[in-house]
Each structure stands twice: as structure tokens, then as C-alpha cells.
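Read left to right, the sequence shown gives residues 1 to 338 (the UniProt record's numbering). All C-beta atoms, glycine included, are put in the ideal place defined by N, C-alpha and C. None of the values given here were measured: they were computed from a predicted structure. To start, the structure itself, in C-alpha cells.
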Amino acid sequence: MTMRLRTGAEKSTGVHQPRLLRRAVLALALLGATTGSMAAGFPERPIRLVVAFPPGGGVDVAARLIGERVSRKLNQPVVVENLPGAAGNIGTDRVVKSKADGYTLLFASIANGINPSLYARLPFNPERDLAPVSLLSTSPYVLMANPASGISSISDLKKHSESTPGGVQFASAGSGSGSHLFMELLRATLKVPMTHVPYKGAAPAMNDVLGGQVPVVFDSIITGLPLIKAGKVKALGLSTQTRSAVAPEISTLHELGVTGYNATSWFGVFAPAGTPSEVVSTLSVAFAEAVKDPATAAKMRELGSDPVGSDPETLARFFANEVSTWRKLVRDIGVTLD
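Next up, the structure:
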């Protein structure tokens, strides 16, 4: 099987552009023709930033950090509202069904790019029903192995997978999670067998890797870095094609010979489709400037994220590529959660 899968900040060229990208381009074009009257008075009241996951998690912490900085720039409170459930679909659905006036926004993550492939009966289509505002940050996952596993390199991983019935076992936070699909992408790229061992969350998955029950796992760099530095796990490589400022000493899988491998976790902001282009522009500038603020950027790196701060068109292109990449992979491995 030959696969050419792309994700992260890699751009699609020479292909049909999805509706989301066309909408972003149209919004930017219309911006120059508008009077800006609505944007001039926007915002006039607090903005609700919906986080589709529970308080205290990585998505929530990042949303509150960035939201506080955006509040200062717009001179209006940005109120984080947690609406967890169904892997982020409940909160996303609430934003989709909100009034398209810029006062209800979605703090999106990698789950929003994966879920359209995993759930066949979603009540919304994110490419149709959401308007991109800004890609805020990207964050690599790191492939790690238990030091006693005998796997200390990608070459070792290939050899063990080829010589073990069913291939090397790998842990994940659950079927359809980033840690699952990142490894499936690696398996497909290396063209070796592997066996998935799903857990109910990232913590129990990592615990069994530390305990030696399962040899390898993909996890976020912020979770993995302390364990790597303590010698409890061995870093095999980063998921992104470029090294991270968070851990510049760790090589990427692409550098290590897994040519073309590129996958990233990310945060972004979306508004309901139909939000006026001048309002989207005002929000985009505010969020982009917020993550580029030196103090905020430093704190984001502490959380394992590399700040981006893009315009709507960049997020539209990025998101369309995410949805396309994970749709192909999910179809190939046959995972559904409906």
C-alpha cells in the first residue's frame, strides 16, 4: 500500500479547494469592500470562548491564557465556557448553532480535524458550518519507548515490528485519539505491522509504558519531556517536520529517515459560519497579536506549544488539509466511533 499523507502546516497545492478555504478567501476579498462599520463598534460586550473539553486540561489552560490577552486587546472580557462531551462535538455543535455575530467562538484543537472522519452522524459539518479565525499554535507529539524494551531508534522499531508476530504493541489514549492516529500514520509510512493497545486516557497509557507492559507510545511533548529528561523513557523522534523550540535537541522523525512524516497537535479559533468578514478580521488580528505577545508566547512554549497566530486563510488551508489527511487514514484503518 502506498500512502502520501500530509498534515500540520504543510500546504495543499494544485488541488480543489474545499468550501472552508473558499469562504475564507471570499471573506478576505469582501473585507476590502466593506465600510467596517460593524467592526468599528465590535466588540461591545463580552465574548464567549467555548472550550469543548473539561476545565484544567491542556486545551482549557491554553484557552484561558490566550483569552486573557485577547481581552486586553479588545477591551472586553473573553469568558471561557467549558462544554465537554463526545470528544469535543458537544461544544462544537453549540458554537455552530450560535448567532453568527462574533460573540461566540470555538477554541478548537486537533480533535476538530479528526472527528469528522470518526463520527459519521455529526449534526454539523465543520468545513461548512465554521468560519476560520486564526491558527494559534502547533505542538508536536514525541514518540517514546521504554528504555528496557530494546527499542532506542526508528531502525529498532522497524526490526522489532517485522520480527514480532502482530508487530510491536503501542499504547494510546483511546481509539481515534491523536496518540492512536499518529502511530497509525507512522505504521502506514514505515509499512510495518503494529498492534494497537487502547487505554481510557493518556495517563494510564503512559503508566503502562513506564511499567513495561507496552513498549512504545506517542504523547504530547509537554507530557513526555520531563520523563525523557529523567531517563524514564527514550525519545525516538518528534512528529513534526521541523524541530520544536520547546525541545530543540530532539530530532524529528522526518530527519531520522521517516521521509514525509508530519503530524501535529494544534489550537485554533473558529466562529460560526456567516460571521461578518470585518468581525472575523478584527478577531483574527486580536488573537494573532495575542499569541505573538512575548510574555504569552513564552508561556505557550512552557505548555509545549509553538505560537503561530495566522490569518483566516491560513487556518482554512491548514484545517482543510487536516480533515483530508485524517479522513484518508481513518478510512484505511477502518475506525469509527458512532
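**Study point:** Integer Cβ distance of ILE151 from ALA145, believed to fall under 8 Å
**Key:** Taking the first residue of the sequence shown as position 1, residue 151 is located at position 151. Taking the first residue of the sequence shown as position 1, residue 145 is located at position 145. Cβ-Cβ separation between ILE151 and ALA145: approximately 4 Å, consistent with a contact (criterion under 8 Å).
Practice item. Have a look at PRO165, LYS159, SER163 and GLY91 and flag the residue whose alpha-carbon is nearest the alpha-carbon of ALA130. Key: The residue given as residue 130 occupies position 130 in the sequence shown. With the sequence shown as reference, residue 130 is identified as Leu, and Ala is not the correct amino acid for it. Among PRO165, LYS159, SER163 and GLY91, the Cα nearest to that of LEU130 is on GLY91.
Practice item. Pull up the distance between the alpha-carbon of THR34 and that of SER161, whole angstroms please. Key: Taking the first residue of the sequence shown as 1, we reach residue 34 at position 34. Taking the first residue of the sequence shown as 1, we reach residue 161 at position 161. Low confidence applies to THR34: its pLDDT is 40, below 50, so where it sits in the model is not reliable, and the reading given next is rough at best. Each residue's Cα considered, the two are about 58 Å apart.
**Study point:** When SER134, PHE42, LEU136 and GLY113 are compared against GLU127, the one with the closest alpha-carbon
**Key:** Here residue 127 is taken as the residue at index 127 of the sequence shown, counted from 1. Closest option to GLU127, Cα to Cα, is GLY113.
Practice item. Could you tell me which residues DSSP puts in a beta bridge with HIS160? Key: The residue you call residue 160 lines up with position 160 of the sequence shown. Partner(s): none; HIS160 has no beta bridge.
**Study point:** Spatial distance of ARG48 from PRO84 (CA atoms)
**Key:** For this step, residue 48 is matched to residue 48 along the sequence shown. For this step, residue 84 is matched to residue 84 along the sequence shown. When rounded, the distance between both Cα atoms is 15 Å.
Practice item. Helix, strand or coil for ILE110, going by three-state DSSP, please let me know. Key: Position 110 of the sequence shown, counted from the first residue, corresponds to residue 110. Reduced to three states, the DSSP call for ILE110 is helix.
Point to revise | ASP93 and PHE53 closer than 8 Å at C-beta | key: Here residue 93 is taken as the residue at index 93 of the sequence shown, counted from 1. Here residue 53 is taken as the residue at index 53 of the sequence shown, counted from 1. Going by C-beta atoms, ASP93 is not nearer than 8 Å to PHE53.
Review point. Can you tell me the Cα-Cα spacing of ASP306 and THR138, whole angstroms?
Key: By 1-based counting over the sequence shown, the position of residue 306 is 306. By 1-based counting over the sequence shown, the position of residue 138 is 138. Their backbone Cα atoms lie some 5 Å apart in a straight line.
Check your understanding: Using DSSP with H/G/I as helix, E/B as strand and the rest coil, what is VAL279?
Key -> As a position in the sequence shown, residue 279 is number 279, starting the count at 1. Residue state, collapsed to three classes: helix.
Exercise for review: Starting from LYS97, follow its DSSP beta bridges and name the residues at the other end.
Suggested key: The residue you call residue 97 lines up with position 97 of the sequence shown. Looking at the DSSP output, LYS97 shares a beta bridge with no other residue.
Practice item. Under 7 Å Cβ to Cβ from PRO193, same chain only, skipping five residues before and after it: list those, please. Key: Translated into the one-based positions of the sequence shown, residue 193 becomes position 193. Same-chain partners within the cutoff: SER161, GLY166 and GLY167.
Review point. Can you name, in chain order, every residue of its own chain whose Cβ lies under 6 Å from the Cβ of ALA108, other than the five neighbours on each side?
Key: Here residue 108 refers to the residue found at position 108 when the sequence shown is read from its first residue. Once the five neighbours on either side are set aside, the close Cβ partners of ALA108 are GLY268 and PHE270.
Point to revise | Integer-rounded CB distance, given that SER239 should sit under 8 Å from TYR141 | key: Position 141 of the sequence shown, counted from the first residue, corresponds to residue 141. Position 239 of the sequence shown, counted from the first residue, corresponds to residue 239. Confirmed, about 4 Å.
Point to revise | Nearest-angstrom Cβ-Cβ length linking SER244 and ILE221, presumed shorter than 8 Å | key: Here residue 244 corresponds to residue number 244 of the sequence shown, with the count starting at 1. Here residue 221 corresponds to residue number 221 of the sequence shown, with the count starting at 1. SER244 to ILE221, Cβ: 6 Å. Contact.
**Study point:** SER172 burial status per 10 Å Cβ neighbour count (16 or more: buried)
**Key:** In the sequence shown, residue 172 corresponds to position 172, counting from 1. Per the 10 Å Cβ criterion, buried.
Review point. According to DSSP, which residues form a beta bridge with GLN169?
Key: Locating residue 169 in the sequence shown gives position 169, where the first residue counts as 1. Residue pairing by DSSP places GLN169 opposite THR195 in a beta bridge.
Practice item. May I have a chain-ordered list of the beta strand (DSSP E) segments no shorter than 3 residues that lie completely inside the segment 227 to 288? Key: Whole beta strand (DSSP E) segments, 3+ residues: 234 to 238 and 265 to 272.
Review point. Is DSSP giving PHE124 helix, strand or coil here?
Key: Counted from its first residue, the sequence shown places residue 124 at position 124. Here PHE124 sits in coil by DSSP.
Review point. What did DSSP end up calling PRO77 once you bin it into helix, strand or coil?
Key: For the purposes of this step, residue 77 is taken as the residue at position 77 of the sequence shown. DSSP places PRO77 in coil when its eight states are reduced to three.
Check your understanding: Looking only at its own chain, which residues have a Cβ that is under 6 Å from the Cβ of ASP156, when we skip the five neighbours before and after it?
Key -> Position 156 of the sequence shown holds residue 156. Answer for ASP156: no residue qualifies.
Review point. Under the DSSP definition of a beta bridge, which residues are partnered with ARG48?
Key: The sequence position of residue 48 within the sequence shown is 48, counting from 1. ARG48 pairs with VAL79 and THR104.
Review point. How many angstroms separate the CA atom of GLY334 from the CA atom of SER284?
Key: Along the sequence shown, read from residue 1 onward, the residue named residue 334 stands at position 334. Along the sequence shown, read from residue 1 onward, the residue named residue 284 stands at position 284. In this structure, the straight-line span from the alpha carbon of GLY334 to that of SER284 is close to 36 Å.
Point to revise | 8 Å Cβ shell around GLY201 - same chain, five flanking residues per side excluded | key: Working through the sequence shown from its first residue, we reach residue 201 at position 201. The residues are ALA173 and GLY174.
Check your understanding: Anyone know if the C-beta pair for VAL51 and ASN82 falls short of 8 Å?
Key -> On the sequence shown, residue 51 is found 51 positions in, with the first residue counted as 1. On the sequence shown, residue 82 is found 82 positions in, with the first residue counted as 1. A contact, by the Cβ cut-off of 8 Å.
Check your understanding: According to DSSP, is PHE42 helix, strand or coil?
Key -> As a first step, residue 42 is located in the sequence shown; it is residue number 42 there, counting from the start. Here PHE42 carries a coil assignment [DSSP, helix/strand/coil].
Exercise for review: Identify the continuous alpha helix (DSSP H) that holds ASP332 and give its terminal residues.
Suggested key: In the sequence shown, the residue the question calls residue 332 occupies position 332. Its alpha helix (DSSP H) spans residues 312 to 333.
Check your understanding: With distances taken from CA atoms, which of GLU44, MET300, ALA86 and ASP311 is nearest PRO77?
Key -> Within the sequence shown, numbered from 1, the residue matching residue 77 stands at position 77. Cα-wise, what sits closest to PRO77 is GLU44.
Review point. DSSP state of ASP219, grouped into three classes?
Key: Within the sequence shown, numbered from 1, the residue matching residue 219 stands at position 219. Looking at ASP219 - three-state DSSP - the assignment turns out to be strand.
Check your understanding: Considering only C-alpha positions, which residue in the set VAL96, GLY41, SER71 and GLU278 is nearest to THR296?
Key -> As a first step, residue 296 must be located in the sequence shown, where it is residue number 296. THR296 has its Cα closest to that of SER71, out of VAL96, GLY41, SER71 and GLU278.
Check your understanding: So the alpha helix (DSSP H) SER179 belongs to, where does it begin and stop?
Key -> The residue given as residue 179 occupies position 179 in the sequence shown. Here the alpha helix (DSSP H) through SER179 covers 178 to 190.
Point to revise | Paired residues, beta bridge with ASP306 - DSSP | key: Stepping through the sequence shown from its first residue, residue 306 is reached at position 306. In the DSSP secondary-structure assignment, ASP306 is bridged to THR138.
Check your understanding: Which of the three DSSP states, helix, strand or coil, is assigned to PRO132?
Key -> Taking the sequence shown and counting its residues from 1, one reaches residue 132 at position 132. Residue state, collapsed to three classes: strand.
**Study point:** Nearest candidate by alpha-carbon position, reference LEU329, set LEU74, ALA298, LEU136 and GLU184
**Key:** As a first step, residue 329 must be located in the sequence shown, where it is residue number 329. Ranking the options by Cα distance to LEU329, first place goes to GLU184.
Exercise for review: Figure out for me which residue from LYS159, ARG301 and PRO294 has the closest Cα to the Cα of LEU225.
Suggested key: Counted from its first residue, the sequence shown places residue 225 at position 225. Ranking LYS159, ARG301 and PRO294 by Cα distance to LEU225 puts ARG301 first.
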